[in-house]
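Enquirer:
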Amino acid sequence: MTKEHNELIDNTFKQLQKYDNILAYDSEDVHMEKLSTLVNGEYILVDLRVSEMLKNKFLSFYDVRELPCYISYGVRIYDDGDFEENVKKSLENEDKFLENKIKNIIETDKITIFIKGTPLRPECGFTRQLIEIFDEFNFICGKDYVYFNIFSDNRVRERLKVVNKWPTFPQIYVKEEFIGGLDVLKKMKKTGEFQRKINFNI
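Going by the UniProt record's numbering, the first residue of the sequence shown is number 1, and it counts up by one from there.
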């Protein structure tokens with residue numbers, strides 16, 4: 001086995017670990033068709049026929065007993081007698097995975113904003129207004145605040161609406177505390193509450 005081949009397989013596994021949903025197979029049959037019906041959201045399709053070494057490493061790494069297998073939010077789903085039960089488990093795990101992802105996005109010592117677009121390219125008027133307010137304070141992206149573009153992951157977008165009981169965006173956190181949206185920030189800025197919360201010299 002060449003060094004290049006080993007590096008290629010290692011890089012493949014690094015990419016795989018970015019996905020919460022993986023559909024792996026080594027043949028196209030009725031079992032594969034059934035598992036394919038479960039696929040939604042972000043996932044990756046892995047054809048393990050390309051390399052026996054990749055296949056063996058995959059089976060070992062993900063503790064997969066047979067193929068095809070749909071790995072969804074830590075649950076291995078096969079076309080077997082536990083199919084329905086495992087599908088239910090994966091759906092339950094999805095909420096936990098998404099909430100952990102959101103938690104990891106939110107900075108403990110900064111402002112975190114969930115917006116449409118980016119600070120340089122806002123994709124809605126409310127996001128643009130929010131960035132204009134931050135510019136008034138001379139906030140620097142990465143230093144004073146971080147952002148997450150909700151268009152990059154619709155699952156995070158929908159989960160935030162549920163977690164915060166807040167249907168619109170932007171959504172704003174100050175040091176892990178959810179404060180609300182743009183209108184709330186404007187009111188807090190007007191009274192000075194926002195400045196006090198972030199220890200900004202008025």
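Quick reminder that beta carbons are idealized off the backbone N, C-alpha and C, glycines included.
Short check: CB of Y19 to CB of Y43, under 9 Å?
Expert: Mapped onto the sequence shown, residue 19 falls at position 19. Mapped onto the sequence shown, residue 43 falls at position 43. Yes, these two residues count as a Cβ contact at 9 Å.
Enquirer: Buried or exposed: which applies to E136, given that a residue is buried once 16 or more other Cβ atoms fall within 10 Å of its Cβ?
Expert: Position 136 of the sequence shown holds residue 136. Exposed, by the Cβ-count rule.
Enquirer: My output table needs one value for R76: the three-state DSSP class, helix, strand or coil.
Expert: Here residue 76 refers to the residue found at position 76 when the sequence shown is read from its first residue. The answer is strand: DSSP assigns R76 an E or B state.
Enquirer: Taking Cβ to Cβ, would you say F97 is nearer than 9 Å to G74?
Expert: As a position in the sequence shown, residue 97 is number 97, starting the count at 1. As a position in the sequence shown, residue 74 is number 74, starting the count at 1. It is a contact, given that the beta carbons lie within the stated cut-off.
Enquirer: So is F13 buried or exposed if we call it buried at 16+ other beta carbons inside 10 Å?
Expert: Reading the sequence shown from its first residue, position 13 is the one you call residue 13. F13 should be labelled exposed.
Enquirer: In chain order, which continuous runs of the alpha helix (DSSP H) of length 4 or greater are located wholly inside the UniProt domain "Glutaredoxin" (111 to 179)?
Expert: 125 to 136 and 154 to 163
Enquirer: Sorted by chain position, which residues of the same chain lie with C-beta nearer than 8 Å to F148's C-beta, five sequence neighbours on each side aside?
Expert: Counted from its first residue, the sequence shown places residue 148 at position 148. If we look at F148 and ignore the five residues flanking it on each side, its Cβ neighbours are I105, T112, I113, F114, I115 and V156.
Enquirer: Can you tell me whether S90 is buried or exposed, with buried defined as 16 or more other CB within 10 angstroms of its CB?
Expert: By 1-based counting over the sequence shown, the position of residue 90 is 90. The residue in question, S90, is buried, as its Cβ has 16 or more Cβ neighbours within 10 Å.
Enquirer: Run through the DSSP bridge pairs and tell me what L23 is partnered with.
Expert: Translated into positions along the sequence shown, residue 23 becomes position 23. Answer is L45 and Y70.
Enquirer: Can you find the residues in the same chain that come closer than 8 Å, C-beta to C-beta, to V64, ignoring five residues on each side of it along the sequence?
Expert: Here the question's residue 64 lines up with position 64 in the sequence shown. Around V64: A24, F58, I71 and R76.
Enquirer: Where P122 and G181 are concerned, what is the direct C-alpha to C-alpha distance, given to the nearest angstrom?
Expert: As a first step, residue 122 is located in the sequence shown; it is residue number 122 there, counting from the start. As a first step, residue 181 is located in the sequence shown; it is residue number 181 there, counting from the start. For P122 and G181, the distance between alpha carbons rounds to 15 Å.
Enquirer: For L54, does the three-state DSSP call read helix, strand or coil?
Expert: Taking the first residue of the sequence shown as 1, we reach residue 54 at position 54. If DSSP states are grouped into helix, strand and coil, L54 belongs with the helices.
Enquirer: According to DSSP, is D29 helix, strand or coil?
Expert: Start at 1 with the first residue of the sequence shown, and residue 29 comes out as number 29. DSSP places D29 in coil when its eight states are reduced to three.
Enquirer: Measuring only the C-alpha atoms, how far is E84 from Y62?
Expert: Counted from its first residue, the sequence shown places residue 84 at position 84. Counted from its first residue, the sequence shown places residue 62 at position 62. The alpha-carbon atoms of E84 and Y62 are separated by roughly 20 Å.
Enquirer: Could you work out which residue in Y145, C141, F169 and F134 is closest to F151 when comparing CA atoms only?
Expert: Here residue 151 refers to the residue found at position 151 of the sequence shown. The option with the nearest alpha carbon to F151 is F169.
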